[in-house]
Amino acid sequence: MLPENGRSTEDLLAELARLKEGDLPVREGRVAAYVYDPGRPHVREAGRRAYLEMLEVNGLDPTAFPSTVALEGRVVGAVAAVLGGDAGTPGIFTSGGTESIMLAVKAARDSWTPPAAGPGAEGAGGPRDVPEVVLPVTAHPAFRKACHYLGLAPVTVPVDPVTLRAVPSAVAGAVGPRTALVVASAPSYPHGVVDPVPEIAAIAAGRGVPCHVDACVGGWVLPWLEGAPPFDLSVPGVTSISCDLHKYGYAPKGASVVLFAREGLRRAAYYASADWPGYTVINSTVQSSKGAGPLAGAWATLQALGASGYRELAAEATAAADRLRAGVADIPGLRVLGEPDAPLVALASSDPEVDVFVLADEVARAGWFLQVQLSYAGIPPNLHLTLTGVSLAGVEALLEVLADAVAAVRGRRPDLPGGLAGAVEGLDLSAVDDRGFADLLSAVGVTLGGPGGSPTAAVNTILDGLAPAAREALLVRFLSVLNSPHTP
Numbered sequence: 001m002l003p004e005n006g007r008s009t010e011d012l013l014a015e016l017a018r019l020k021e022g023d024l025p026v027r028e029g030r031v032a033a034y035v036y037d038p039g040r041p042h043v044r045e046a047g048r049r050a051y052l053e054m055l056e057v058n059g060l061d062p063t064a065f066p067s068t069v070a071l072e073g074r075v076v077g078a079v080a081a082v083l084g085g086d087a088g089t090p091g092i093f094t095s096g097g098t099e100s101i102m103l104a105v106k107a108a109r110d111s112w113t114p115p116a117a118g119p120g121a122e123g124a125g126g127p128r129d130v131p132e133v134v135l136p137v138t139a140h141p142a143f144r145k146a147c148h149y150l151g152l153a154p155v156t157v158p159v160d161p162v163t164l165r166a167v168p169s170a171v172a173g174a175v176g177p178r179t180a181l182v183v184a185s186a187p188s189y190p191h192g193v194v195d196p197v198p199e200i201a202a203i204a205a206g207r208g209v210p211c212h213v214d215a216c217v218g219g220w221v222l223p224w225l226e227g228a229p230p231f232d233l234s235v236p237g238v239t240s241i242s243c244d245l246h247k248y249g250y251a252p253k254g255a256s257v258v259l260f261a262r263e264g265l266r267r268a269a270y271y272a273s274a275d276w277p278g279y280t281v282i283n284s285t286v287q288s289s290k291g292a293g294p295l296a297g298a299w300a301t302l303q304a305l306g307a308s309g310y311r312e313l314a315a316e317a318t319a320a321a322d323r324l325r326a327g328v329a330d331i332p333g334l335r336v337l338g339e340p341d342a343p344l345v346a347l348a349s350s351d352p353e354v355d356v357f358v359l360a361d362e363v364a365r366a367g368w369f370l371q372v373q374l375s376y377a378g379i380p381p382n383l384h385l386t387l388t389g390v391s392l393a394g395v396e397a398l399l400e401v402l403a404d405a406v407a408a409v410r411g412r413r414p415d416l417p418g419g420l421a422g423a424v425e426g427l428d429l430s431a432v433d434d435r436g437f438a439d440l441l442s443a444v445g446v447t448l449g450g451p452g453g454s455p456t457a458a459v460n461t462i463l464d465g466l467a468p469a470a471r472e473a474l475l476v477r478f479l480s481v482l483n484s485p486h487t488p
């Protein structure tokens with residue numbers, strides 16, 4: 001509520017501290033998703049102070065605030081130099097991976113020419129004037145979101161069931177006259193494996209189609225690792241690449257870069273409008289007004305760490321991931337999916353008596369948060385871990401927790417009220433009001449407004465039994481109820 005009179009800064013900060021008491025911890029590596037902790041206080045401080053220094057600067061008009069142009073040039077230039085570009089490589093600083101991906105998809109769409117009418121002009125998704133994006137099923141949903149927003153049709157292809165990498169022959173079979181963009185991941189977020197980028201980019205180039213590499217999660221860790229698969233702009237046929245600096249770049253949130261192989265593609269990502277009586281609009285991103293804090297924070301973090309700092313952090317994260325994989329091999333009932341190329345690991349059950357959803361709750365009770373990933377297209381449900389610079393110090397403790405948790409949950413199943421799963425599967429959401437939906441959530445142990453890391457085994461079991469479209473409908477309704485001020 002808006003108070004009648006203003007409140008003191010001390011009072012406001014105290015309330016923020018109380019609100020954060022239910023959040024998951026953002027330090028020390030006990031949350032294996034969402035947050036990236038370098039474990040170096042001076043780096044966090046540099047990013048924070050730079051962020052605040054530029055808090056009131058608006059990047060809407062770069063001619064009014066030339067500092068934003070200078071900072072963006074420095075950040076984009078640093079990223080380009082590491083990701084196979086050069087001093088002339090064009091790029092855009094964005095608010096995150098999804099925005100970077102949306103701009104890459106827009107650039108591809110606006111550079112695409114519809115096929116002439118005739119045999120084969122119709123593609124997998126409809127009329128010939130609807131462009132398509134070919135992507136592995138493991139590609140980030142941001143591509144589907146971009147297609148949804150921008151009017152393209154996603155065409156998904158399967159991955160190898162063992163390696164979980166994209167299959168070049170499947171990509172080749174999906175590329176057609178309506179293909180506007182081909183996508184590869186470096187790595188895929190779910191399993192940490194890098195798709196065969198050279199082969200996929202060559203297929204795209206051979207058909208005259210742009211190829212985007214989604215390196216949002218891995219673009220700032222793979223370059224510092226020896227023996228990492230080729231994936232960047234130095235690979236022939238790669239025309240754009242996205243890289244988040246608020247992930248393994250350890251910058252404050254809201255920092256990503258999308259690079260393009262040529263200036264024409266970057267121009268196609270821009271938007272301009274002079275068709276109204278107000279100020280002429282020219283935007284390099286989806287946003288118009290945008291604070292310069294994230295840009296300054298990213299620049300300061302890059303400068304505070306330097307190449308040697310990133311090499312050290314990448315080595316520490318990789319050592320943690322290697323030790324985790326080796327330790328999991330000694331825990332009966334657990335296995336690692338695929339062979340990760342980056343410090344991201346997915347743990348699945350190798351024993352029908354070990355339920356990963358129950359395991360996630362048991363691990364959470366010990367103070368660790370692992371991200372649940374539901375089954376999809378033959379890939380079993382699993383637990384995702386993103387290992388960072390601080391993970392190495394705690395990996396032995398995590399392995400002990402995992403071993404104890406597996407032993408504790410063996411033979412246990414989620415506590416589901418009788419018949420609830422079947423009732424949810426046939427539920428008509430349009431007939432359920434918000435209060436009724438909140439009651440349904442309570443029946444599976446979900447407390448609206450409860451602390452982060454609360455038990456979710458029951459609800460995940462129900463979701464796992466549903467088709468993706470049904471999962472999406474339930475989750476959209478959940479988010480609506482969660483953010484409703486009228487929910488009791």
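When we follow full-length UniProt numbering, the leftmost residue of the sequence shown carries the number 1, and every step to the right adds one. Glycine included, every Cβ here is placed at the ideal spot set by N, Cα and C. On a predicted model such as this, the values are computed, not experimentally measured, just so you know.
Listed in chain order, the non-local C-beta contacts of Ala78 below 6 angstroms within the same chain comprise Leu302, local neighbours out to five positions each way being set aside.
Judged by their CB atoms, Ser288 and Ala104 are not nearer to each other than the 9 angstroms cut-off. Between Gly338 and Ala315, the alpha-carbon positions lie close to 20 angstroms from each other. Using a Cβ distance threshold of 9 angstroms, Val459 and Gly445 count as a contacting pair. Looking at Pro468, Ala438, Val424, Arg412, the one whose alpha-carbon comes closest to that of Ala457 is Arg412. Between the alpha carbons of Gly367 and Arg30 lies a gap of roughly 7 angstroms. Looking at the DSSP output, Gly291 bridges to Asn58.
Cys147 carries a helical assignment under DSSP once its states are collapsed to helix, strand and coil. Between the alpha carbons of Tyr51 and Pro41 lies a distance of about 15 angstroms. Secondary structure of Leu479 (DSSP, three-state): helix. Rounded to the nearest angstrom, the gap between the Cα atoms of Val481 and Thr163 is 39 angstroms.
The C-beta distance from Ala342 to Val221 rounds to 6 angstroms, short enough to fall under 8 angstroms. A distance below 6 angstroms between beta-carbons, with the five flanking residues on each side excluded, links Pro62 to the following residues of its chain, in chain order: Thr68, Val69.
Going by DSSP, Ser100 is part of the alpha helix (DSSP H) stretching over 97-110.
Here Ala107 is near Ala268, since their CB atoms are less than 9 angstroms apart. Counting of Cβ neighbours within 10 angstroms places Trp299 among the buried residues, the total reaching 16 or more. In the DSSP assignment, Arg48 falls within the unbroken alpha helix (DSSP H) covering 41-53. Measuring C-alpha to C-alpha distances from Leu259 to each of Asn5, Val82, Thr179 identifies Val82 as the nearest.
A direct Cα-to-Cα measurement between Glu45 and Arg27 gives close to 14 angstroms.
Secondary structure note for Phe260: it is in no alpha helix (DSSP H), and the uninterrupted beta strand (DSSP E) holding it is 256-260.
Runs of the alpha helix (DSSP H) lying entirely within the segment 146-224 and spanning at least 4 residues, in chain order: 168-174, 197-206.
A Cβ-Cβ contact shorter than 9 angstroms links Thr89 with Leu233. Taking 9 angstroms as the cut-off, the Cβ atoms of Val217 and Tyr250 do not count as close. Of the candidates Glu72, Ala272, Ala14, Val35, the residue whose Cα lies closest to the Cα of Lys253 is Val35. By the CB criterion at 9 angstroms, Val157 and Val137 fall inside the cutoff.
Rounded to the nearest angstrom, the Cβ distance from Ala142 to Ile101 is 4 angstroms, consistent with a contact under 8 angstroms.
In terms of Cβ geometry, Val183 and Leu135 form a close pair [threshold 9 angstroms]. A straight-line Cα-Cα distance of about 44 angstroms links Ala467 and Leu55.
Rounded to the nearest angstrom, the gap between the Cα atoms of Leu181 and Asp86 is 23 angstroms.
Around the CB of Gly192, 16 or more other CB atoms lie within 10 Å, so the residue is classed as buried. Take Thr318, set aside five residues on each side of it, and the residues of its chain with a beta-carbon closer than 7 angstroms to its own are Leu225, Pro343, in chain order. Asp433 is classed as exposed because its beta carbon has fewer than 16 other beta carbons within 10 Å across all chains shown.
Bridge pairing for Tyr271: Asn283 [DSSP].
DSSP, reduced to helix, strand and coil, places Glu132 within a strand of the structure shown. Secondary-structure assignment with DSSP links His384 through a beta bridge to Ala346, Gln371. For Arg335, the enclosing beta strand (DSSP E) stretches over residues 334-336.
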